[in-house]
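S.K.: Numbering (our numbering), first residue to last: 1 to 306.
Glycine included, every Cβ here is placed at the ideal spot set by N, Cα and C.
Starting off with a structure, shown below.
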Ligand SMILES: [Zn+2]
């Protein structure tokens with residue numbers, strides 16, 4: 001039996017999963033990321049977890065999902081603000097340490113691939129709404145990576161009118177109005193109190209009017225962006241996931257019911273945050289990353305059948 005290792009490095013938590021070749025989860029571990037501790041310390045902790053897992057399972061390849069921007073070709077995390085990492089050659093570090101092939105994938109792209117593998121379609125878009133907003137595009141059954149950072153839906157322009165400056169250099173990007181960070185700052189603006197996104201979602205779920213109003217507004221921005229995405233890519237399904245999208249008033253917002261008239265088929269994720277690990281595992285399995293350079297995908301399929 002062959003096993004695959006998937007690592008999902010996030011701004012608040014980092015998860016490790018081991019899967020067999022059918023996709024069944026054999027191990028799941030989770031640690032708090034603590035970005036202030038820096039990159040070296042987190043990688044050291046991940047090395048220890050990986051070491052323990054490799055003693056138990058005959059892992060043939062590993063995948064690391066990370067927030068962008070990334071250089072997936074060289075396996076380098078370029079400049080990830082949520083983690084405070086700059087130019088970290090993470091693939092080389094893991095490959096050399098464990099003498100295994102590793103690959104790097106944008107975490108939202110991995111989430112898209114995980115959602116896609118659970119659904120019966122060929123063309124799908126995934127929008128992830130958490131601290132920031134990202135996503136992934138599945139085109140004709142394959143993950144569309146662009147140059148490595150495709151589907152940055154958080155930087156679609158919205159009619160917010162506040163002229164908020166985005167880290168990307170433009171004004172009024174979607175994630176300034178509809179991300180977890182936006183939910184927190186809007187709550188602070190209205191109530192003068194700092195609460196975490198999770199706390200505000202809890203309030204919204206029990207009907208707190210301010211929290212409900214914030215999530216309703218977020219849903220309206222997302223619904224508009226979803227129509228734009230439909231018009232450009234025409235997927236069969238658009239899946240919305242991430243912590244913000246789990247809040248009940250968000251999911252129940254009437255804007256989403258009206259999307260049918262624009263030909264949009266919206267679904268909400270039900271993978272409870274596991275889509276990134278699952279997608280990373282399926283991605284390395286399906287793309288045959290554990291093969292040496294020059295070996296074909298067909299050869300990979302042949303190995304899987306053995
Ligand atoms: Zn932007």
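(1) With a cut-off of 6 Å, give the chain-ordered residues whose Cβ is closer than this to any heavy atom of ligand 1.
(2) Pairs of beta-carbons, one from the stretch 50 to 60 and one from the stretch 92 to 112, closer than 8 Å: are there three or more?
(3) Report, in whole angstroms, the separation of the C-beta atoms of residue 90 and residue 75, which I expect to be a contact under 8 Å.
(4) For residue 190, is the classification buried or exposed, using 16 other Cβ atoms within 10 angstroms of its Cβ as the cut-off for buried?
(5) What is the rounded straight-line gap between the Cα of residue 297 and the Cα of residue 40?
(6) Can you grab the Cα-Cα spacing for the pair residue 293 / residue 286, in whole Å?
(7) Is residue 209 buried or exposed, if buried means 16 or more other CB atoms sit within 10 Å of its CB?
(8) Which residues in the same chain have their Cβ closer than 8 Å to the Cβ of residue 49, if we skip the five residues on either side of it in sequence?
(9) Going straight from the alpha carbon of residue 18 to that of residue 270, what length do you get?
(10) Hey, how far is the Cα of residue 363 from the Cα of residue 25?
(11) Taking the beta strand (DSSP E) that residue 102 falls in, what are its first and last residues?
(12) Taking 8 Å as the threshold (C-beta atoms), are residue 23 and residue 282 in contact?
(13) CB-CB under 6 Å to residue 84, same chain, minus the five flanking residues each way: which ones, in chain order?
(14) Restricting to Cα atoms, I'd like to know which of 224, 3 and 9 is closest to residue 38.
(15) Out of curiosity, what's the CA-to-CA distance linking residue 234 and residue 123?
(16) Could you pull out every unbroken beta strand (DSSP E) segment of at least 3 residues lying fully inside the stretch 133 to 198, listed in chain order?
(17) Looking only at its chain, what residues have a beta carbon closer than 7 Å to the beta carbon of residue 171, apart from the 5 residues adjacent to it on each side?
(18) Reducing DSSP to helix, strand and coil, say where residue 280 ends up.
(19) Measuring only the C-alpha atoms, how far is residue 2 from residue 202?
(20) Note the first and the last residue of the continuous alpha helix (DSSP H) segment covering residue 223.
(21) What number of angstroms, rounded off, separates the C-alpha of residue 127 from the C-alpha of residue 177?
(22) Quick check: residue 205 and residue 247, are their CB atoms within less than 8 Å of each other?
(23) Alpha carbon to alpha carbon, how far is residue 200 from residue 244? Give it in angstroms, no decimals.
(24) Buried or exposed: residue 196, going by 16 or more other Cβ atoms within 10 Å of its Cβ?
(25) Could you work out which residue in 241, 224 and 52 is closest to residue 262 when comparing CA atoms only?
(26) Exposed or buried, residue 115, counting other C-beta atoms within 10 Å across all chains shown (16 or more means buried)?
(27) With H, G and I counted as helix, E and B as strand and the rest as coil, what does DSSP make of residue 205?
(28) Over what stretch of residues does the beta strand (DSSP E) that includes residue 99 continue unbroken?
(29) Identify the continuous beta strand (DSSP E) that holds residue 26 and give its terminal residues.
(30) Under a Cβ-count criterion, where at least 16 other Cβ atoms within 10 Å of its own Cβ denotes burial, should residue 51 be classed as buried or exposed?
M.R.: On the basis of the data shown:
(1) 155, 166, 168, 170 and 173
(2) yes
(3) 6 Å
(4) exposed
(5) Only weak support exists for where residue 297 lies, its pLDDT of 47 falling under 50; the coordinates are left without a value.
(6) Unreliable positioning characterises residue 293 in this predicted model, as indicated by a pLDDT of 47, which lies under 50. The coordinate reading is nonetheless provided below. Spanning the two alpha carbons is a distance of roughly 15 Å.
(7) exposed
(8) 16, 29 and 31
(9) 20 Å
(10) The question about residue 363 has no answer here: the residues shown for the chain are numbered 1 through 306.
(11) 102 to 106
(12) yes
(13) 35
(14) 9
(15) 8 Å
(16) 133 to 139 and 142 to 144
(17) 163, 164 and 165
(18) helix
(19) 41 Å
(20) 209 to 233
(21) 15 Å
(22) yes
(23) 10 Å
(24) exposed
(25) 224
(26) buried
(27) helix
(28) Run containing residue 99: none; DSSP gives neither H nor E here.
(29) 25 to 32
(30) exposed
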